[in-house]
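Everything on this sheet refers to the single structure shown next.
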Amino acid sequence: MGNCCERLGPQKNTYMRVSLPAVCFVWQIAMIILFGVFIRYGKESEARWVEYRHNNNLTDLDNDFYFRYPSFQDVHVMIFVGFGFLMTFLKRYSYGGVGFNFLIASFGLQWALLMQGWFHSLDLDTGKIYIGVENIINADFCCAGSLIAFGALLGKVSPVQLMVVTLFGITLFAVEEYIILELLHVSLINQSNQISFTSERVFPDVLLLLQCRDAGGSMIIHCFGGYYGLAISWVLYRPNIHQSKHLNGSNYHSDLFAMIGTLFLWMFWPSFNGAIADHGDGQHRAFINTYIALASSVLTAVALSSMFHKRGKLDMVHIQNATLAGGVAMGTSAEFMITPYGSLIVGFCMGIISTFGYVFVTPFLEKTLKLQDTCGIHNLHAVPGMLGGFLGAVVAAAASEDVYGKEGLIHVFDKEGKYANRGMGTQGGYQAAGTCVAIAFGLVGGAIVGLILKIPIWGDAADDHCFDDEAYWELPEEEEEILPPVLEYNNHMIHKSQDIAESSFCAEQS
Amino acid sequence: MGNCCERLGPQKNTYMRVSLPAVCFVWQIAMIILFGVFIRYGKESEARWVEYRHNNNLTDLDNDFYFRYPSFQDVHVMIFVGFGFLMTFLKRYSYGGVGFNFLIASFGLQWALLMQGWFHSLDLDTGKIYIGVENIINADFCCAGSLIAFGALLGKVSPVQLMVVTLFGITLFAVEEYIILELLHVSLINQSNQISFTSERVFPDVLLLLQCRDAGGSMIIHCFGGYYGLAISWVLYRPNIHQSKHLNGSNYHSDLFAMIGTLFLWMFWPSFNGAIADHGDGQHRAFINTYIALASSVLTAVALSSMFHKRGKLDMVHIQNATLAGGVAMGTSAEFMITPYGSLIVGFCMGIISTFGYVFVTPFLEKTLKLQDTCGIHNLHAVPGMLGGFLGAVVAAAASEDVYGKEGLIHVFDKEGKYANRGMGTQGGYQAAGTCVAIAFGLVGGAIVGLILKIPIWGDAADDHCFDDEAYWELPEEEEEILPPVLEYNNHMIHKSQDIAESSFCAEQS
Amino acid sequence: MGNCCERLGPQKNTYMRVSLPAVCFVWQIAMIILFGVFIRYGKESEARWVEYRHNNNLTDLDNDFYFRYPSFQDVHVMIFVGFGFLMTFLKRYSYGGVGFNFLIASFGLQWALLMQGWFHSLDLDTGKIYIGVENIINADFCCAGSLIAFGALLGKVSPVQLMVVTLFGITLFAVEEYIILELLHVSLINQSNQISFTSERVFPDVLLLLQCRDAGGSMIIHCFGGYYGLAISWVLYRPNIHQSKHLNGSNYHSDLFAMIGTLFLWMFWPSFNGAIADHGDGQHRAFINTYIALASSVLTAVALSSMFHKRGKLDMVHIQNATLAGGVAMGTSAEFMITPYGSLIVGFCMGIISTFGYVFVTPFLEKTLKLQDTCGIHNLHAVPGMLGGFLGAVVAAAASEDVYGKEGLIHVFDKEGKYANRGMGTQGGYQAAGTCVAIAFGLVGGAIVGLILKIPIWGDAADDHCFDDEAYWELPEEEEEILPPVLEYNNHMIHKSQDIAESSFCAEQS
């Protein structure tokens, strides 16, 4: 890069030798201190499990680890390889895509263990958070919200800004999740499997009734994360980003790297939607529904991609993204009895809506609303997540004992204790309200975080240096390697024949 | 691509703006209707499982989901990342390789759920197909047959043709599987774990005796899929394909992408062969045997690759493909007591046979039989699958109570009911006959499908535009990005000095 | 490659058309014979399991397969995709990185099944080794030691030499493991789950007391493997390797391929450290500790990478490697009660130490000790592994009934039989001694193997042809494809204007 002329110019704004190490060190040390004060092994992961198991007549297989670990590893792959490689599609921002994803997810999951722990797993008697495999899965889920927001900001912000986005994103996520849970009785976390050392809990009447109604996080993860990222990007509007236009695109191999991300997301989405669903039929059904919906999305995404091209050709952007929309929209409903053909219909519609969004809505939003959305998260997360939330409301409202069975209805919707008599229509209403809360949190929180990021201390690149790894990465000098003889020869030629060339190629480049 | 001159010429034949969307929409809508009529959740994935579990004194862990889900996800990775990336090896057809694989597998698995359901899981009382994790695994398996066929056709057919190949491939697969099952008593599906709502079944005396004798699908998947693809390719012979010869090869990075596919196939093949084997020792043994056979294949593939090169160098084609032949050939025998050294010997021979095939047989077939086989599926699937089928026959015929134990022999070969007295020699004979049925189905079915695909309405590319993503994909303009200054300079030079260059490089290119 | 002039010159030394096939065939045939004599299915993987299960009132889920298989597949991915793609970072040795990794791991795992079987699983009554999923996991672990050594030698040795490195590496590993186990009472293998056909074992009093104290192999795998590779590389010092300096580096896409390896290693390291830990809380805790430590390593690796660059930019070498150091160092301690914040501190320190090593120690070692370490395994495996071993000693010495509970302490440290009264301080001392044994085995064994490899019969490349796939791989002619018109034009120009160019670019290149 830049071997024949300094094509990027001086990058006075992107110096982060002080800020990035400072942020990483301070936050990591803070994590150590907070973990030291709060985090302890849960009953199923500490050495006394042997005694507990004996006393309660359990076997090792009753350890929640064996129910959830395979799903967890799939989710983990989605977070780091899925999101990470999906964001390598830019021709010169692949390092940033996969590398910053790695950085912020690694920070985010630590902070998420704390934030979610305080809200959901804190034992008031001991003041400790007891963690197990389910907390770990939820921490990965929580990161997903911030990684989605990263998609809208890709190539336009500095890693320090991304750390700030993640810090606030995780915080907002945990609060949002808690509000939806407590006030509206829609829960991401099913804590019935969590064994604490005391029988009393923070809000015993609520916690005893926790229900698993957004297992795949359509509203809590995708809807929130999508609008959070869009709001930040809207505040950070860059009027002259067209100066980096030549780098805001893919090349042949970067699109193939992105397909690695797409496929791992697509394949493991059933695990994502089923990871914290109920043991047994809950996980089984969440997995089947998501599998079916995703397959349907692929066909309609391909169909629309071809229809919208003047010569019927397929666009990699649609194949990489819109094929996943069915999984997003099934997040809430996957564990319900939505029926297999219902799942197919959801995937069918989402593939269409998402591809339509990439072709028409994103350009429209950029022109009219000044909303720059690098990855198009509006079409993949925000809208499908919102629709998935409302879909979940409808499916919940339509649930009946005829379909679920008496015990099944109680089990799926945790209709126990003081919620035992809540009607399904009421439940549907609460689910819809939960979706609105997620949108509101995303938009308001994102706007505030965006304003914080406008303070000119964060080291983001100028408008003409966006989408370029040169700003933050030590890059290999590549051309000399791929084409050494010809290039060196050309350089000779170039220096020899400046008078032949009518215009400077350096000038043409910028 | 094509940035300095229209190097591909007008592609009047590959316009698919009408046909591809039409096919996708029609078939996806058909799927929705058929799913609505036929497909329902199985007992283990529907909400009444809670009641069923209570009534039958089961725990959540008895749900088949926990036995098969980790294997399933491995199989899923093989289908989408394994096959998909293995087919990215062509330098300019990588989008087509991974993208069309994604499309047809997504369609195929839906159609497979229906076809296999009608033949194997239809409940005559209710007229419904009840699905669970095992149906999903079988649907992925079923797709594998068509994806193998895709390997022979890679770069030469349109996506619409591939949809047709898949539609018929899945159909033929399900019929073939059923015939082998009913008439010959060799079954891919062990339905003993499937709980239906009625005790009566379509063919109760047969279904009660279903046996798991081709768990990894050497004959049903690989042998059938291989010959199916070869027959289609033979009918679609393109006499002038040498005009695209310059694109029928790899480059440095496309071969690395293909290695992603190879390694995920190789690593997860033990899961493939064990995914629907018997719980307990069956899955355990299938996994060990496949693991060992694959390791052995790698060494002999490397040895022959080096031997066959005049300077002893290794060929990526062999490393990418022949290393997998041991897994193909173990498909039938993996769950038998073939012994660990038996597995090593199988892998040893298959690595040799497959590499030999790539070096000598494929060129020979192309010259003498006019058989163009892009990926060499003849050497990786057709022949190893056929040999694996016959190997399974021999191993089954040699089975005895001494080795398997009395209960073990009954369990492994499901010797119950009216088949309880069938001798092992007879069983071996039936297995061999099953392999022949698979070959016949592949050849005859493939020839018919090939004739259908010869109708000039499918939008396939001309002989001089094969192996080129340009026909079906909107490609990024890449060169201008990688080498902007030099290229632009060169373009200047080129336009300025047409008189210096004696021959047009455009002419040279085509 | 080499399309315009033979840029690599005659490679008279790297001809391996005889040696490589000979080695592969001889060793594979030896494996078949030895497997035939020694290896049999274990109780849980043979057909008599059905009877055994009935007689012992077990269910299929009690088969160890279901406890360990998901972790195994993760480990398998680490060995083949993780290590394999991590080593693709060199711009022109990516085939060798992933291909030779594939070859030697496939050979190594077979040899490891035998070597580890003889030392740990041999039934003296029958003279057979009975294998199951745990043996398979250990075989993969055993390969890891040799693959680590490969990292130091990458680009400088022939595949035949790598086979020798693996043969001796596996052998030394098994002996080292056994010595540490028998003499020092620190065991990699927990055989309590292994069911043999006789009740008597080789060293019954020892085997009954086998303890799982290096479950993730900080000392046995990483420390040994690291020093083994470094010692070999030190003996094979190449004084003129600067002649290949232009190829000893990455390019943009090779670094992205390496990130695939990094991420799969990083994501699945929890499975690595927990794969053979105790069922239940042991696996659960090993997984949580490793997950946390790895997240912490990422932040400090990023921080130091930025700090050490004069403009604060990140270096891909550090992101690819130092982020993993926390997982290496947690190998021994992961299953102990090190506490979550303890894990964070370990990851914190290891990220710093490892990045510091890449920036300062590796160049220092190369200058002063003549130690050429291509991948920097000193910083990723040798030092973190050694520190992890000593850390394990400290954590073991600090273990108490207060923290572990009475049963827990016995369970985690297998304090039974004649070791029941051993104090924890003594245990810590033995652990530290075990680490020293691992270092000694690595250094002495590596030096001897290095001397063997100095014999000039192995076909390694000359100093000016290192880091180049050209020597051992048939490479596609790439440049002509990427830039056909311009290149051909350039070639024209070049031939036409030799008089213009003052220096031959071929001369410049070499």
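Here the protein sequences come in this chain order: A, B and C. So for the first sequence, the UniProt record's numbering puts the first residue at 1; every next one is plus one. So for the second sequence, the UniProt record's numbering puts the first residue at 1; every next one is plus one. So for the third sequence, the UniProt record's numbering puts the first residue at 1; every next one is plus one. From the three backbone atoms N, C-alpha and C, an ideal C-beta is built for every residue, glycine too.
- Task: Report yes or no: is there a C-beta of chain A within less than 9 Å of the C-beta of asparagine 63(B)?
- Result: Under the Cβ distance rule, asparagine 63(B) counts among the residues neighbouring chain A, one pair being separated by less than 9 Å.
- Proximal residues to glycine 96(A) (C-beta, below 6 Å), its chain only, five neighbours per side dropped: Asp469, listed in sequence order.
- Helix, strand or coil for tryptophan 27(A), going by three-state DSSP, please let me know. The DSSP-derived three-state label of tryptophan 27(A) is helix.
- Query: Which one or two residues does DSSP pair with arginine 40(B) in a beta bridge?
  - Reply: The secondary-structure analysis by DSSP pairs arginine 40(B) across a beta bridge with Tyr130(B).
- Item | Which of helix, strand or coil DSSP assigns to aspartate 499(A) | The predicted position of aspartate 499(A) is uncertain, since its pLDDT is 35 and thus under 50; a value taken from the coordinates is nonetheless stated next. Under the three-state reduction of DSSP, aspartate 499(A) is assigned to coil, being neither helix nor strand.
- Would glutamine 283(C) count as contacting chain A if we go by Cβ distances under 9 Å? Taking Cβ atoms only, chain A reaches closer than 9 Å to glutamine 283(C), which makes this a yes.
- What is the C-beta distance between isoleucine 79(A) and alanine 105(A), in whole angstroms, given that I count them as a contact (C-beta under 8 Å)? Indeed they touch by this definition, with Cβ atoms about 5 Å apart.
- Query: Does arginine 311(C) have its Cβ less than 9 Å from a Cβ in chain A?
  - Reply: By the rule that beta-carbons nearer than 9 Å mark a contact, arginine 311(C) touches chain A.
- For isoleucine 448(B), return the contacting residues in chain A, with the cut-off set at a CB-CB distance below 9 Å. Chain A residues near isoleucine 448(B): none, gap ~25 Å exceeds 9 Å.
- Per the contact definition of three or more C-beta pairs closer than 8 Å, is the region 326-346 of chain C in contact with the region 27-43 of chain A? The answer is yes - the region 326-346 of chain C touches the region 27-43 of chain A, with three or more Cβ pairs under 8 Å.
- Message: Measuring straight from C-alpha to C-alpha, what distance separates glutamate 200(C) and lysine 415(C)?
- Response: At glutamate 200(C) the pLDDT is 36, less than 50, meaning the model places this residue with poor confidence; the figure from the coordinates comes in the next sentence. Between the alpha carbons of glutamate 200(C) and lysine 415(C) lies a gap of roughly 21 Å.
- Query: Helix, strand or coil: how does DSSP classify leucine 236(C) here?
  - Reply: Coil.
- Message: Judging by CA-CA distance, which residue of Val361(B), Phe272(B), Lys313(B) is the nearest neighbour of alanine 139(B)?
- Response: Among Val361(B), Phe272(B), Lys313(B), the Cα nearest to that of alanine 139(B) is on Phe272(B).
- Between histidine 381(B) and chain A, is there a C-beta pair that is closer than 9 Å? False, the Cβ-Cβ gap to chain A never drops below 9 Å.
- Message: Let's test the definition: count the other Cβ atoms within 10 Å of the Cβ of asparagine 56(B) and tell me whether it reaches 16, buried, or not, exposed.
- Response: Per the 10 Å Cβ criterion, exposed.
- Report the residue from Val160(A), His465(A), Glu46(A) whose alpha carbon sits nearest the alpha carbon of residue 513(C). The shown model of chain C, from 1 to 510, leaves out residue 513(C), and the question about it has no answer.
- Item | Euclidean distance between Cα positions of tryptophan 458(A) and histidine 246(A) | Straight-line Cα distance between these residues: approximately 24 Å.
- Query: With 16 as the cutoff for other CB atoms within 10 Å, does valine 18(A) come out buried or exposed?
  - Reply: Its Cβ having fewer than 16 others within 10 Å, valine 18(A) is exposed.
- From the beta carbon of valine 18(B), is the nearest beta carbon of chain A less than 9 Å away? Output row for valine 18(B): interface = yes.
- Query: Starting from serine 106(B) and walking both ways along the alpha helix (DSSP H), at which residues does that stretch end?
  - Reply: It spans 94-116 - the alpha helix (DSSP H) in which serine 106(B) sits, taken as one unbroken run.
- Is tryptophan 266(B) helix, strand or coil by DSSP? DSSP places tryptophan 266(B) within a helical segment (H, G or I) once states are collapsed to three.
- Item | Three-state secondary structure assigned by DSSP to serine 187(B) | Residue confidence is low: serine 187(B) scores 41 on pLDDT, short of 50, so the model does not pin down where it sits. Its coordinate-derived value is still stated next. Three-state result, serine 187(B): strand.
- Message: Please confirm whether alanine 303(A) has its beta-carbon closer than 9 Å to some beta-carbon of chain B.
- Response: Closer than 9 Å to some Cβ of chain B, the Cβ of alanine 303(A) qualifies, so yes.
- Message: Which residues of the region 312-330 of chain B have a Cβ closer than 8 Å to any Cβ of chain C? Give them in chain order.
- Response: If the cut-off is 8 Å between Cβ atoms, the region 312-330 of chain B has Gly312, Lys313, Leu314, Asp315, Met316, Ile319, Thr323 near chain C.
- Examine chain A for any beta-carbon lying closer than 9 Å to the beta-carbon of arginine 213(B), and answer yes or no. No, arginine 213(B) does not count as interfacial toward chain A.
- Message: I need the DSSP call for leucine 475(A), collapsed to helix, strand or coil.
- Response: Residue state, collapsed to three classes: coil.
- Message: My assumption, with CB atoms under 8 Å, is that histidine 378(C) sits in contact with histidine 253(A). Please give the rounded CB distance.
- Response: Contact flag wrong, Cβ pair sits at about 32 Å.
- Which runs of the alpha helix (DSSP H), 4 residues or longer, sit entirely within the region 347-427 of chain A? Fully enclosed alpha helix (DSSP H) runs of no fewer than 4 residues occupy 362-368, 383-397, 401-404, 406-413 of the region 347-427 of chain A, in order along the chain.
- Item | Where aspartate 123(A) falls: helix, strand or coil (DSSP) | In the structure shown, aspartate 123(A) sits in a strand (DSSP, three-state: E or B).
- Indicate whether at least one CB of chain C lies closer than 9 Å to the CB of cysteine 24(A). Interface flag for cysteine 24(A) against chain C is set, since a Cβ pair is found closer than 9 Å.
- Query: DSSP state of leucine 172(B), grouped into three classes?
  - Reply: Helix at leucine 172(B).
- Can you tell me where the alpha helix (DSSP H) with phenylalanine 89(C) in it begins and where it stops? Element bounds for phenylalanine 89(C): n/a, residue is neither H nor E.
- Message: By the three-class DSSP mapping on this structure, what secondary structure does leucine 58(C) have?
- Response: Leucine 58(C): coil per DSSP, three-state reduction.
- Where does leucine 154(A) sit, in a helix, a strand or coil, going by DSSP? Residue state, collapsed to three classes: coil.
- Message: Closer than 8 Å is the cut-off here; do at least three beta carbon pairs connect the region 235-251 of chain A with the region 63-79 of chain A?
- Response: Taking 8 Å as the limit for Cβ pairs, the verdict is that the region 63-79 of chain A does not touch the region 235-251 of chain A.
- Task: Can you give me the Cβ contacts of methionine 16(B) inside the same chain, cut-off strictly under 8 Å, excluding the 5 residues immediately before and after it?
- Result: If we look at methionine 16(B) and ignore the five residues flanking it on each side, its Cβ neighbours are Ser158, Pro159, Val160, Gly459, Tyr472.
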